[in-house]
Every structure is written in structure tokens, then in C-alpha cells.
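Engineer: Before I ask anything, let me first share the structure, which is written out below as C-alpha cells.
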Amino acid sequence: MTGMAEHRLGFTSAFPAGTEDYSDDEDGLCIIDGNALSNMNQQPSSANVPEWDTVGSVKSSTETPFQDNDRSLEGGRNAESSANSSTKRDRQGFPIILDDFRKAVCRGNLQDVEAFRLQGVPVDTSLRAGWTALMYAVFYGNTQIAEYLVQEGADVNFNKASYMYTPLIAAASSEQEKGHVTSCLTILLEMGANPNVHERSHMTPLMFVAKNGNMDAVQKLIDFRAETDRQDNRGWTALCYAANQGYTSVAECLLNAKADAKKRCSEGTARDIACSHGYIELTELIERSMSSGRTNDETPHPEQHSFLSPSRSVSMQPTTSLSINLTSSASGEACDDLDLFLCGLDLGHLSPCFRQHAVKFSVLLQMSEADLEKIGIDKYGWRHKIMDAVHEIHKRNWEPGSVQASGKRILSCP
Numbered sequence: 001m002t003g004m005a006e007h008r009l010g011f012t013s014a015f016p017a018g019t020e021d022y023s024d025d026e027d028g029l030c031i032i033d034g035n036a037l038s039n040m041n042q043q044p045s046s047a048n049v050p051e052w053d054t055v056g057s058v059k060s061s062t063e064t065p066f067q068d069n070d071r072s073l074e075g076g077r078n079a080e081s082s083a084n085s086s087t088k089r090d091r092q093g094f095p096i097i098l099d100d101f102r103k104a105v106c107r108g109n110l111q112d113v114e115a116f117r118l119q120g121v122p123v124d125t126s127l128r129a130g131w132t133a134l135m136y137a138v139f140y141g142n143t144q145i146a147e148y149l150v151q152e153g154a155d156v157n158f159n160k161a162s163y164m165y166t167p168l169i170a171a172a173s174s175e176q177e178k179g180h181v182t183s184c185l186t187i188l189l190e191m192g193a194n195p196n197v198h199e200r201s202h203m204t205p206l207m208f209v210a211k212n213g214n215m216d217a218v219q220k221l222i223d224f225r226a227e228t229d230r231q232d233n234r235g236w237t238a239l240c241y242a243a244n245q246g247y248t249s250v251a252e253c254l255l256n257a258k259a260d261a262k263k264r265c266s267e268g269t270a271r272d273i274a275c276s277h278g279y280i281e282l283t284e285l286i287e288r289s290m291s292s293g294r295t296n297d298e299t300p301h302p303e304q305h306s307f308l309s310p311s312r313s314v315s316m317q318p319t320t321s322l323s324i325n326l327t328s329s330a331s332g333e334a335c336d337d338l339d340l341f342l343c344g345l346d347l348g349h350l351s352p353c354f355r356q357h358a359v360k361f362s363v364l365l366q367m368s369e370a371d372l373e374k375i376g377i378d379k380y381g382w383r384h385k386i387m388d389a390v391h392e393i394h395k396r397n398w399e400p401g402s403v404q405a406s407g408k409r410i411l412s413c414p
């Protein structure tokens, strides 16, 4: 083993959900003194090092698993040491040998990892933030280390209880090279990892890889029976995450796996999300999927009240205000006050929805937000913008020209 404790780790990786550092503890790791370093080549005795298989023997840490603070090395801070032991520890109570084990895993140093195993370090021992070596290995995309740890009996379904984190979620949330991520997922799945686990915000591995645009990983999880319609605590599905990032190929993969495009979340449907970002091709893809699944029961009966009857959502394909403003309606009529009103709000693409329910501008001025939702305006931001504009109109002083004339004038000057 070559100077593992003398090197510092400088990973710059995004923190996955559930591992954020809320601690203001600025203490880092200490340097192992010469005696302790020489002792690392020997099997640690119970008098010097806590029992490896007793998680309670190591004080838990609130640090993130990815934060190494080097100020202790530069400032010469020393961790507390046992009165009867030369083994140094950091201020969280972790023996330095454990953190060197973690570093070896993160660096992909198989030789050092094997050496630690020979010293008796259990394969599933709890490291920083309660993560196991396997979780670190797959998060950093170290497939060789992951394969070795799995062969050594690492638990592929180990659950970090406080954050509901597992090795599969650690791999899926990784931002390493996509091929490495997919390889790590494959290793775990083939060893029986549950593809439908979730972390504390109910995000599943499929949601993570869809969010990162990793289509191969998406397909791999689907092949191992990952559920496409799981929803997190905001109601988002994997399709919603793909739509939010504009990943058309990922969305197509999910739709081919029978993902439900009509699932609703805090931002509406996946189509709403794609449309709000201007992803036209993706919006059309989801639109076609939704249309193919519609039934005649979703069409409102013509005798029902126009804006009190529920209906399917309005087509939300992105269009410019000018494209609506300069064209005629489906019935051949020129753009009326309703068209001008909606186009002035950059909501011209909603005109077909109002026409479908025979809602004229005069009727719109009497509608509530609930009425808008019932005719298919299912995005809160759009309803809010329309209602604000309607309220502004009601505040204006009345003028004779505000009333649209209909029919022939029956009064004339003598």
C-alpha cells in the first residue's frame, strides 16, 4: 500500500438528493503518524481499532460522502486519539484507515481495496454518511471496483435508512460518463438489485437516468422491469424528467415501454412541461402518444354547458402569437376579440380550446379559474395569467365602444 493517507482527494461531483451537507463542521482528516502507518500493514487488533463489523463502534457523521476538507492537513489540526491506541481518528470518530478505504474505492485503486479487505475491513462497512464501498464505487463509475465488491459479497440492496439510498440509486444519480453508469447499473441489476427502489423524495433510478438523458441506462432499467409510471413527491414521472430536459430519444424509449403520457404532476403533464420549454418535436411526440390513447368518452356532449363540462386537455403545441393572430379560426371566421386577447397574453395557442367549447370573449369575462380548468386549461400559470387580465378589464371604466355591436342598428338620427 503506497501512501494512501498522504494524498488528498479532490472530487468535484454534484451531490445527489438526500446527501446534502447541512453540517458546519469544518474539521477534516488528520495525518496518520508513522507508528499508525506501519500498523496498517498488520491486522488491526481489537485493542486499537473498533470491531469492523459493529457499525455502532464508529460514530456517525453528518458530512456528505463526497466532501474532503483539506484545511486540517494544512493547518495541522490533530484528531482525537485514544489513550491506549496510536490509531488516529477524525473528529467524527472515524478511524483514518476507513477513510483511506473510501478514498481507494473512489479513486478506483483495486490493489489498495483488496489490501484493506485482507486486513479485515468488511465489504459493507459503514463509511462517510453511512454509505458503503459499493455505493461509492458505482457513484464514481468504477466498474472494476464494483465488480470486485459484488464478488466479495457486497449487498446490492443495502439501504441507507436515513435517506433511503441504495447502490442502484447511487449509480443512477451519478453524473459520470454514461457508459460507466450503465455498466454499473448492469452489474447491480444482474446481481438482483431492486429496480423500483426510491429515495426520500420518491425518485427512482429510472427517473434519475431519464433526467440525465442516459437512454441506454433507461432501456437497461426497463429491461429489468423498472416501472415507468412511478411518481415522486411532486408527481413527476421519468417521462416528465425527460420532457423537462428535452430528451426526445429518452421520452420515445419510455413511451415505447407504455409510459402513461397523461400522468399529471405539479406542472401538468409531460406534454405541458415540454411545451413550456419550447421543445416542439418532443411536444408533438407526446401529443401523438396521448391522442392514440384517447377514447370517445373524453369528448364532451354538445348539449352540456360549454365551460362547465370536463374535457380532454387543450393541444399545447408551442406556437407563436403571430401564427394565431394572422390566421383564421377553424370555422373560417376572422380573428375576434378572444383571439386578440389571448395573443396579447402570448397564449394564442389556447384559442382552439375556447372555440371547442363555444366560449366567446364575453363569456370568458364571466368565467372563474375553476371554469378554465374544466375546459382543459390545466396549467396553473396560464389560468393565472388569464384571470389577472380579466380582472384588469373589469377595473376599467365603461365605454360605449366596449360593447360589440350585433345585428342591424335600429336607432338612427332623424
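Numbering-wise, the UniProt record's numbering puts 330 at position 330 of the sequence shown, and it's gapless, one number per residue.
Don't be surprised by glycine CBs; every beta carbon is placed ideally from N, CA and C.
Comparing C-alpha positions only, which one of Ile386, Gly153 and Thr237 sits nearest to Thr204?
Structural biologist: Measuring from the Cα of Thr204, the nearest candidate turns out to be Thr237.
Engineer: Smallest Cα separation from Gln356: which of Val209, Ile375, Asp232 and Lys103?
Structural biologist: When only C-alpha atoms are compared, the closest one is Ile375.
Engineer: Return yes when the C-beta of Gln231 is under 7 Å from any heavy atom of the ligand NAD, and no when it is not.
Structural biologist: Here there are no bound small molecules, and the ligand NAD is not part of this structure.
Engineer: Hey, out of Asn109, Asp388 and Glu190, whose CA is closest to Asp155's CA?
Structural biologist: With distances taken between Cα atoms, Asp155 lies closest to Glu190.
Engineer: Which same chain residues, not among the five before or five after Phe158, have their C-beta less than 8 Å away from its C-beta?
Structural biologist: Within the same chain, Phe158 has close Cβ partners Asp124, Thr132, Leu134, Met135, Thr166 and Pro167.
Engineer: One question on the structure: do Gly278 and Tyr247 come within less than 8 Å of each other, judged by their Cβ atoms?
Structural biologist: Not closer than 8 Å, so no.
Engineer: Could you pull out every residue in the same chain whose Cβ sits closer than 7 Å to the Cβ of residue 430, ignoring the five residues on either side in sequence?
Structural biologist: Only positions 1 to 414 of the chain appear in the structure, and residue 430 is not among them; the question remains open.
Engineer: Quickly, what does DSSP pair Gln165 with across the bridge? List them, please.
Structural biologist: For the record, residue 165 in the displayed sequence is Tyr; it is not Gln. The partner list for Tyr165 (beta bridge, DSSP) reads Lys160.
Engineer: Nearest CA to the CA of Asp378: which residue from Ala172, Ile273 and Gly153?
Structural biologist: Among Ala172, Ile273 and Gly153, the Cα nearest to that of Asp378 is on Ile273.
Engineer: Residues in its own chain within less than 7 Å of Gly141 by CB, not counting five upstream and five downstream?
Structural biologist: The residues are Ser174, Gln176, Glu177, His180, Val181 and Cys184.
Engineer: Between Ala259 and Thr228, is the Cβ-Cβ spacing less than 8 Å?
Structural biologist: Closer than 8 Å, so yes.
Engineer: Keeping to the same chain, check which residues put their C-beta closer than 7 Å to that of Ala261; ignore five residues upstream and five downstream.
Structural biologist: Closer than 7 Å at Cβ, skipping near neighbours: Leu239, Leu255, Thr269, Ala270, Arg271, Ile286, Ser289 and Met290.
Engineer: Helix, strand or coil: how does DSSP classify Gly153 here?
Structural biologist: It is coil, neither helix nor strand.
Engineer: Among Asp100, Tyr380 and Ala389, which one has its Cα closest to the Cα of Glu267?
Structural biologist: Per the Cα distances, Tyr380.
Engineer: Specify the secondary structure class of Gly120 as computed by DSSP and reduced to three states.
Structural biologist: Here Gly120 sits in coil by DSSP.
Engineer: Excluding the five sequence neighbours on either side, which residues of its own chain have a C-beta within less than 7 Å of the C-beta of Ala146, listed in chain order?
Structural biologist: If we look at Ala146 and ignore the five residues flanking it on each side, its Cβ neighbours are Leu134, Ala137, Val138, Cys184 and Ile187.
Engineer: Using three-state DSSP, classify His394 as helix, strand or coil.
Structural biologist: DSSP places His394 in helix when its eight states are reduced to three.
Engineer: Looking at the structure shown, is Gly278 part of a helix, part of a strand, or coil, going by DSSP?
Structural biologist: Coil at Gly278, not helix or strand.
Engineer: Under the assumption that Leu365 contacts Ile393 (Cβ atoms under 8 Å), give the Cβ distance between them as a whole number of angstroms.
Structural biologist: Indeed, because the Cβ distance is near 6 Å, the residues count as touching under 8 Å.
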